[in-house]
Amino acid sequence: MTDFDHTAIDELLHSRVRLAIIAFLAGAQTADFSAVREAIKTTDGNASVHLRKLEDAGYIAARKRFVARKPQTLYALTENGRRALLDYVAHLEHLLPPGDVSGGQSTDGRQR
Amino acid sequence: MREDIAFIRHAVEEGRNYATASSPDIMIWGIAVAVGYIGTYAFVRGWSPLHPSWVWALCIGLPWLYSLRRLLPAFEQPCVDSPMARALSMLWLGCGVFLTTLAIAAIWSGDIRQGWFGAVVAGVLGIAFFVSAWLSNLGWLRWVALLWWVGELGVFALRHRPEVLPLSAALMLLLLAGPGLLLSLRRNSA
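Protein sequence lines correspond, in order, to chains A and B. The first sequence lines up with residues 1 to 112 when you count with our numbering. The second sequence lines up with residues 1001 to 1190 when you count with our numbering.
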């Protein structure tokens, strides 16, 4: 038996699109809908669905406002979302053999 | 697993590049330099008694103070920038230093009156936007670069006429402050 626990993997972040959104927002801090959609290279509909799921889970926060009379939605990573991303990365790193995490940098950009 | 971690790093880096490109500095510089050109035009036309040297000292000095605020401990970024985000910052810093030193030299020597400096500014800003488009993955900035290079031709053609000053001001507002405002609005919650 190994100590692998599949329940420890965050199902919500196991989707590549949602993982990309969370990781992009971790770097950007705040971004509007079109910036997120361009970053994850998907359609409006697909981006909306995934953003809604992340918002419902409390991983991102959305704020609506009007710019030049046009509606704009700004997204930001919440503390829950940041923790979920760090936990997810830590879990992935835990699954790798020791010393096999290449690059010497953590996902928050700090030198390790 | 390794690919997943690399994927996450790449996405975080893209986010950082986006944040760097969206800094309000571009907008501040665009407005300040446009005010400089308008102030100079007003002096040339006799509408303003303020000598262009003073106008430019303010219009270059103040945005530099704004851009260099990051060097102050109070504005220190909590995280280390990604290499691409750093490259983007250094590109604009390098262009800023080059244009400022050349402007000082041209004003000092009196060569600024020959009118070539505006075309150099437009060409350099075209390069800065063109490279920024690749580094930040914001493809539409390439069109801004193209417009700067078209503007460079216009500024060069009018270099001996006072109308080059309002044209340069318009370019600064439309092609520097405008994209800067758009990028800031897309990101900031101000």
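Ideal Cβ positions, reconstructed from N, Cα and C, are used throughout, including at glycine.
Just to make sure I have the definition right: I need the residues of chain A whose C-beta is within less than 8 Å of the C-beta of residue 1018 of chain B. Which are they? Within chain A, the residues near residue 1018 of chain B are 24, 27, 28, 31, 35, 39.
Quick one, which of A/55, A/83, A/12 has its alpha-carbon nearest residue 33 of chain A's? Of the candidates A/55, A/83, A/12, the one whose C-alpha sits nearest the C-alpha of residue 33 of chain A is A/55.
Mind pulling the chain B residues with CB within less than 9 Å of residue 19 of chain A? 1004, 1007, 1008, 1011, listed in chain order.
Rounded separation between residue 1138 of chain B and residue 1014 of chain B - CA only: Near 10 Å, if we compare the C-alpha coordinates of residue 1014 of chain B and residue 1138 of chain B.
Does residue 42 of chain A come out as helix, strand or coil in the three-state DSSP assignment? Here residue 42 of chain A sits in coil by DSSP.
Quick check on residue 1024 of chain B: does DSSP put it in helix, strand or coil? Of the three classes helix, strand and coil, the one that applies to residue 1024 of chain B here is coil, per DSSP.
By the three-class DSSP mapping on this structure, what secondary structure does residue 59 of chain A have? Three-state DSSP puts residue 59 of chain A in coil, outside helix and strand.
Determine the closest residue to residue 1058 of chain B out of B/1034, B/1046, B/1156, B/1047, with distance taken between C-alpha atoms. That would be B/1034, whose Cα lies nearest to the Cα of residue 1058 of chain B.
When B/1119, B/1180, B/1005 are compared against residue 1031 of chain B, the one with the closest alpha-carbon: Answer by Cα proximity: B/1180.
Which of helix, strand or coil does DSSP assign to residue 1069 of chain B? Three-state result, residue 1069 of chain B: helix.
Coarse secondary structure for residue 1093 of chain B, derived from DSSP in three states: Residue state, collapsed to three classes: helix.
Buried or exposed: where does residue 1078 of chain B fall if 16 or more other Cβ atoms within 10 Å of its Cβ makes it buried? Legend: pLDDT at residue 1078 of chain B = 47, less than 50; position of this residue unreliable, no value from coordinates given.
Taking C-beta to C-beta, are residue 1102 of chain B and residue 1131 of chain B nearer than 8 Å? No, the pair does not count as a contact, with Cβ atoms beyond the cut-off.
Within 8 Å, strictly: CB atoms of residue 1154 of chain B and residue 1167 of chain B: Note that the C-beta distance between residue 1154 of chain B and residue 1167 of chain B is below 8 Å.
Three-state secondary structure (DSSP) at residue 71 of chain A? Taken through DSSP and simplified to helix, strand or coil, residue 71 of chain A comes out as strand.
Buried or exposed for residue 1160 of chain B, please, with buried defined as at least 16 other CB atoms from any protein chain shown within 10 angstroms of its CB. Around the beta-carbon of residue 1160 of chain B, fewer than 16 other beta-carbon atoms lie within 10 Å, marking it exposed.
Report the three-state DSSP secondary structure of residue 1040 of chain B (helix, strand or coil). Under the three-state reduction of DSSP output, residue 1040 of chain B falls in the helix class.
Kindly list the residues whose CB is nearer than 7 Å to the CB of residue 1018 of chain B, restricted to its own chain and excluding five residues on each side of it in sequence; keep chain order. In its chain, beyond the 5 residues on either side, 1136 have a beta carbon closer than 7 Å to the beta carbon of residue 1018 of chain B.
Which residue's Cα is closest to the Cα of residue 1010 of chain B: A/14, A/50, A/40? The option with the nearest alpha carbon to residue 1010 of chain B is A/40.
As a quick exercise: from B/1040, B/1063, B/1133, pick the residue whose alpha carbon is nearest that of residue 1084 of chain B. If we check each option's Cα against that of residue 1084 of chain B, B/1133 comes out closest.
Candidates A/77, A/94, A/93: closest to residue 1012 of chain B by CA position: For residue 1012 of chain B, the closest alpha carbon among the candidates A/77, A/94, A/93 is that of A/77.
So is residue 93 of chain A in contact with chain B if we call contact Cβ pairs under 8 Å? Taking Cβ atoms only, chain B reaches closer than 8 Å to residue 93 of chain A, which makes this a yes.
Taking 8 Å as the CB-CB limit, is residue 1015 of chain B close to chain A? It does; some Cβ of chain A falls within 8 Å.
My guess is that residue 88 of chain A and residue 13 of chain A are in contact by the Cβ rule of under 8 Å, so how many angstroms apart are they, rounded? Rounded, the Cβ-Cβ distance is 5 Å, consistent with contact.
Which residue or residues does DSSP assign as beta-bridge partners of residue 65 of chain A? Listed as beta-bridge partners of residue 65 of chain A by DSSP are A/72.
I'd like to know whether the C-beta atoms of residue 1016 of chain B and residue 45 of chain A end up nearer to each other than 8 Å. The beta carbons of residue 1016 of chain B and residue 45 of chain A sit no closer together than 8 Å.
Pull up the CB-CB distance for residue 67 of chain A and residue 42 of chain A, whole angstroms please, since I reckon it's below 8 Å. The beta-carbon distance between residue 67 of chain A and residue 42 of chain A, rounded to whole angstroms, is 23 Å. This is too long to meet the 8 Å contact definition.
Cβ of residue 1135 of chain B within 8 Å of any chain A Cβ: Output row for residue 1135 of chain B: interface = no.
Closer than 7 Å at the beta carbon, the chain A residues around residue 1173 of chain B: What residue 1173 of chain B touches in chain A: nothing, since even the nearest Cβ is about 16 Å away.
Under 8 Å between the Cβ atoms of residue 1175 of chain B and residue 1041 of chain B? At the C-beta level, residue 1175 of chain B and residue 1041 of chain B stay beyond 8 Å of one another.
Could you check if residue 1003 of chain B is buried or exposed, using at least 16 other CB atoms within 10 Å of its CB as the buried criterion? Residue 1003 of chain B counts as exposed, since fewer than 16 other beta carbons sit within 10 angstroms of its beta carbon.
Going by the CB atoms, is the gap between residue 1152 of chain B and residue 1123 of chain B shorter than 8 Å? Yes, these two residues count as a Cβ contact at 8 Å.
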